[in-house]
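J.: Would you mind keeping the following structure in view while I ask a few things?
Below, the structure is given as structure tokens:
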């Protein structure tokens, strides 16, 4: 095409020519449709859609040719630069091997015990669920090492009386034995000596009477009387010896009775001690099956105590996994909401599979801890409480008469008398402040005559309030103070503010779900990439690494060494890579490489990253 003269606008002329050609083309197409309709004897409006499509195709071809001609006239000889090739890329991170797989597992209590009294009786009190209890620990000789914390009790009046009765029987048996020993050791020997002296005297008198009779100086009657006295004395000695033997046998029987009485005393004392329940291990009360006032029989469960630390995790595995896990001692466990695994210790693998699922149950043990509590933000020296109370308690007798009651532990004393800590910044219907801080002031009260126990766990004291501004239907008072600066060796608390304590929660609880890593124990983290990201050429392997220079991104071949996969990793689509020059594998950390479109790239080619977000492998 000839060059346009100076001062002329070639693009404007071309545009005008294009408009003229389009108009002529439209006219020609209408004539073409009229001719075809005439030949076919069909009205133009009834022509099939294919005729219109053919017309549009003709228009498109002509327009394309015209635009190309115009572009050729105005563009000159310059060739446009190719645009960067779109690719997807990610960052290389150190990750677990591909054979690592996590399975869901359930948390359960390692030891659970349904505890009941060994003796029947009426329940006086029982702790509430979620109460932490300390177990009573004894050595092999039965000596108590740790006293433990009681959590339930029955009425022990009858068992206390049995102990007193047993003690009296033991004392009676001991006194009877003492009397028998005195008779054996002192009374009977003295009587035996006296009888012996009497026998000796009777023998002498008998011998003298016999001598006189031989000399014709005595009479037979005197001889007979002396002989009778002698035989009587001898029989008395034999009787005393028999009595001594009988008393010795009786003493043995009395000793047996004493042992029996002492054993009865031990049984009574044991029954009395069994009126209070202790756990054999440290744990938490999971449920309560009896309420104060109910009568329970011996062995009837009153409460269920579950061990919380350590706690067990149970998973179902295949036969192959169960055999592989037998050689392991520690298994990683991932808790909910955590990014770092904790160590679980292999405790038990069932020897018999579940007939329904053909799987084996594996039991792991974990140390359990309590979640952080809000006391961490409480200033040093501040006082804390666990409960707040209202004084118009609806469940106590006397409410209709307007009687006010409060937990006895909430009443404080000073030089002026009893008082309560009234909360001034929160009413009954108000929410708890976000900082859990209560403003308090002293509320003077007088103790009433009534004391009402409730469920054996609380004792409510009747109080009369001396403040007319106090509204029992709206105002709250603080419960027992659990921590003050005085307990920490500081100065006395000023009495202006209180903090509401929050109960600490166990990190793991029965019923929670965790994840367990069942991968090989020798599997170590490394750098793994998909196989399709690797380029193999001349016996070497490469990754296409992103080289960012300013706003432009280019790719550079990164020579790597592919690690031969193990049997567990052979089926995976990921391969572990190392630096080809034998450098530290950490040199690959953070390298950005192409994950899609790698086989269309040339070394040094400009690319455009189009993936929306980067995710580590």
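Numbering (my numbering), first residue to last: 851 to 1467.
C-beta: ideal position from N, C-alpha, C; glycine also.
The structure displayed is predicted, hence computed values, not measured ones.
Since residue 1358 and residue 1161 should fall inside the 8 Å C-beta cutoff, what is the C-beta to C-beta distance between them, to a whole number of angstroms?
T.: 5 Å
J.: Going by DSSP in three states, residue 1211 sits in which element: helix, strand or coil?
T.: Strand, per DSSP.
J.: Residue 1141 to residue 1179, Cα distance in whole Å?
T.: 44 Å
J.: State the DSSP-derived secondary structure class of residue 1046, mapped to helix, strand or coil.
T.: helix
J.: In terms of alpha-carbon separation, which member of 943, 1377, 1411 lies closest to residue 1391?
T.: Nearest option by C-alpha distance: 1411.
J.: Measuring CB to CB, does residue 1382 end up less than 9 Å from residue 1351?
T.: no
J.: Which one or two residues does DSSP pair with residue 1403 in a beta bridge?
T.: 1398, 1457
J.: Look up residue 1163 in the DSSP assignment and give the residues it is bridged to.
T.: When beta bridges are read from the DSSP output, residue 1163 appears opposite 957, 1214.
J.: Answer yes if the region 1038-1057 comes into contact with the region 1134-1148, meaning at least three C-beta pairs across the two stretches below 8 Å, and no otherwise.
T.: no
J.: Give the range of the alpha helix (DSSP H) segment to which residue 1028 is assigned.
T.: 1007-1032
J.: Taking Cβ to Cβ, would you say residue 1158 is nearer than 9 Å to residue 1366?
T.: Not closer than 9 Å, so no.
J.: Among the candidates 1282, 1301, 1115, 1265, whose CA atom is the shortest distance from the CA of residue 1255?
T.: 1301
J.: Any idea if residue 1016 is buried or exposed, counting beta-carbon neighbours within 10 angstroms, 16 or more meaning buried?
T.: Label assigned to residue 1016: buried.
J.: Apart from the five residues on each side of it in sequence, which residues of its chain come closer than 6 Å, Cβ to Cβ, to residue 978?
T.: Hits under 6 Å: none found.
J.: In whole angstroms, give me the CA-to-CA distance for residue 1138 and residue 964.
T.: 10 Å
J.: Using a Cβ-Cβ cutoff of less than 7 Å, which residues in the same chain neighbour residue 1215 once the five nearest sequence positions on both sides are dropped?
T.: 960, 1160, 1162, 1194, 1195, 1197
J.: For the beta strand (DSSP E) containing residue 1291, list its first residue and its last residue.
T.: Run containing residue 1291: 1287-1304, per the beta strand (DSSP E) assignment.
J.: Just curious, the beta strand (DSSP E) that residue 995 is in, first and last residue?
T.: 994-996
J.: Under the three-state reduction of DSSP, which class applies to residue 1146: helix, strand or coil?
T.: Three-state result, residue 1146: strand.
J.: Do residue 807 and residue 1001 have their CB atoms nearer than 9 Å?
T.: A question about residue 807 goes unanswered here, because the residues of the chain that appear run from 851 up to 1467.
J.: Relative to the C-alpha of residue 1199, which residue among 1175, 1217, 1098 is closest?
T.: 1175
J.: Starting from the C-beta of residue 1171, find all residues in its chain whose C-beta is less than 7 Å away, skip the five residues before and the five after it, and write them out in chain order.
T.: Apart from the 5 residues on each side of it in sequence, residue 1171 sits with its Cβ closer than 7 Å to the Cβ of 1368 in its chain, given in chain order.
J.: Applying the 10 Å Cβ sphere with the 16-neighbour rule, what's the burial state of residue 1202?
T.: exposed
J.: Please list the terminal residues of the continuous alpha helix (DSSP H) segment that includes residue 1084.
T.: 1070-1123
J.: Below 8 Å on the Cβ atoms is my contact criterion, and I expect residue 1080 with residue 1045 to pass it. Report the Cβ-Cβ distance as a whole number of Å.
T.: With 8 Å as the limit, residue 1080 and residue 1045 do not qualify as a contact, their Cβ atoms being about 12 Å apart.
J.: Looking at the unbroken beta strand (DSSP E) that takes in residue 1180, where does it start and where does it end?
T.: Under the DSSP assignment, residue 1180 falls in the beta strand (DSSP E) whose first and last residues are 1180-1184.
J.: Tell me, to the nearest whole angstrom, how far the beta carbon of residue 1451 is from that of residue 1460; I am working on the premise that it is less than 8 Å.
T.: That pair is no contact at about 14 Å.
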